[in-house]
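If you read the sequence shown in this note's numbering, its first letter stands for residue -8, the second for the next number, and so on.
Glycine included, C-beta positions come from ideal geometry on N, C-alpha and C.
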Amino acid sequence: MPPEASGAWPFLGHLPLLGGQQPPHVTLGDMADKYGPIFTLKMGVYRTLVVSNWEIAKECLTVNDKVFANRPKMLIAELMGYNYAMVGSSPYGPYWRQVRKIAVLELLSNHRLQTFKHVRETEMRASVKEIYELWWDRNKDSENNNYKVSLEMKKWFGDITLNVIYKIIVGKRYVGTTTSSDDDADHEADQWRDAVRRFFELAGKFVVSDAVPFLRWLDLGGHEKAMKKTAEELDYHVQGWLDEHKRKRVNSGKIKGDHVEDFMDVMLSIFEDEAKFSTSEADKINKATCLALIMAASDTTTVTLTWTLSQLLNNHDVLKKAQQELDTFIGRERLPNESDMKNLVYLQAIIKETLRLNPAAPLSVPHESLEDCTVGGYHVPAGTRLLVNVWKIHRDPRIWSSDSHEFKPERFLTTHKDFDVKGQNFEFIPFGSGRRMCPGFLFALQIMQLTLATLLHGFEIETMLDAPVDLGEGFGTTNLRYSKLEALLTPRLPACLYKQNV
């Protein structure tokens, strides 16, 4: 058996050790320095294998990929995931294989994503236009146009990301324009946003019964009650969208896959031709899959973009170099398009370096072994949970040299230029690897690249008083910054480009 860390408590195991002032991935990284790259913990009553180097991670996710293809049953996946119907949290088996196949081949294929290119570009233009209008409102009575727009960038990234994702998945905007006059629609949108916020808050909570299941009846912390209430609120809206899609298809006479507009339409077309699912089962899968894509894509993308800008504001030379690349390949007479992204190799390197230093999921989503296996020469029994410390692997000085803690995008143009995010280079696995790898990594990258390019190309960006950005990490299922990211923006392009119709 792998070495077990000392200090376990009765019933709770090592959980109290992870409740300190630093995030769990940092604590587990420190423990790896003491116990080695493979060790075990007791997370409540469950044995958990913690892997912290790329060689053993590769063994787990290649040789033992099928063994570790299962997910442990967590309360959030049951109560807010349509009883484990979401593809990311459903148990390994025929259902998971069927739904993942739909997601990979029908929803997240490169061909499908390209059909929504106009959505991404249109939303970017609408967002930069709104920033420009805010700037103009402040400067229209000024002689020198020297006022700057102050924005909380974490919120801005979240809004633009969700607008893109919602339009692609359910055909709606998450945040309406600032000139919206539809009070009922705004009220409904506010209710939905509140439910989404509670979802993410609950997703970041430690639920005692996930580690000590016989205490579930106590509902310590009231998380189960809150999850049930939030799940009802989310389903109310998602069911409404589904009903609306069905009505539109019937009213337009387009039932069999004609005039597909968004992912929910695609799913409806698939299940109209799929006899093995009843209507209620098909509806549940549709809702669960669309909601899973919304939550997963929006959270990780927003987190990564926020960290990227944080790093850039602390590394002005990198920011200026990125803007020079944008000016070289795009110029200042038009806005960026997705077709430009292939030429922006330095911008791609910036995003990779952020994913390395600040991965959105610093600890892998937990796996669970279906049978006994051998890892690193050690016996690992069935039912063992697996955590891969991605954050620790991404800072391994054996791979990334002595400057592994520094933000240097150039490494992805030189020493590590052949590393990509597809899960084959185990030294760099921001989206995971193997059967359970994130199926939406291409979707996320498209949004990240175009958003960052549009922002850096369109505006000069600085912090208040040129102060350095605090890079402190928060706690949660994703690697959140614990503080807001306030920035000052000034247009850097001709005014006519911001005023274009979108």
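Short of 6 Å from the beta carbon of P(-6), and not among the five residues preceding or following it, lie these beta carbons of its own chain, in chain order: Y26, F30. DSSP lists W0, M34 as the bridge partner or partners of G4.
Per DSSP, S141 is one residue of the beta strand (DSSP E) stretching across 140 to 143.
When secondary structure is reduced to three states using DSSP, L462 falls in the coil class, being assigned neither helix nor strand. Around E359, the same chain offers F59, N61, R62, P63, G374, T375, R376, L377 as residues with beta carbons nearer than 8 Å, after the five sequence neighbours per side are excluded. Within its own chain, the residues whose Cβ lies closer than 7 Å to the Cβ of R164, once the five positions on either side in sequence are excluded, are N154, Y157, K158, listed in chain order. Distance from the Cα of K413 is smallest, within the candidate group L346, K383, L98, for L346.
Within the segment 35 to 66, the alpha helix (DSSP H) runs of at least 4 residues that lie entirely inside it are, in chain order, 45 to 49.
Take the alpha-carbon of V309 and the one of T270: they are about 53 Å apart. For R164, the three-state secondary structure derived from DSSP is coil. Here N380 is bridged, per DSSP, to L354. R240 and L225 do not touch by the CB rule: their CB atoms are close to 23 Å apart, not below 8 Å. When DSSP states are grouped into helix, strand and coil, T270 belongs to the helix group. Looking at the DSSP output, A23 sits in no beta bridge, so it has no partner there. Counted as a single uninterrupted DSSP element, the stretch harbouring A340 is not any beta strand (DSSP E) but the alpha helix (DSSP H) occupying residues 336 to 348. Under the three-state reduction of DSSP output, A478 falls in the strand class. The beta carbon of K145 is closer than 8 Å to those of T293, T297, R472, K475, L476 in its chain, skipping five residues each way along the sequence. As a beta-bridge residue in DSSP terms, E453 pairs with L479. Listed in chain order, the non-local C-beta contacts of Y337 below 8 Å within the same chain comprise K312, A313, E316, P400, L404, local neighbours out to five positions each way being set aside.
Just measuring C-alpha positions, the residue of Y227, P1, K108, S141 sitting nearest I122 is S141. Counting only residues of its own chain and dropping the five nearest sequence neighbours on each side, A283 has a CB closer than 7 Å to the CB of M77, V78, G79. Closest in alpha carbon position to T445, among I341, K408, L326, is L326. Between V90 and I285, the CB-CB gap reaches or exceeds 8 Å. Here DSSP, grouped into helix, strand and coil, assigns V119 to helix. Minimum Cα-Cα distance from N349 among the listed residues L300, V356, C364 corresponds to L300.
Per DSSP, reduced to three states, the secondary structure at H370 is strand. T221 sits in a helix when the DSSP states are folded into three classes. When DSSP states are grouped into helix, strand and coil, I321 belongs to the coil group.
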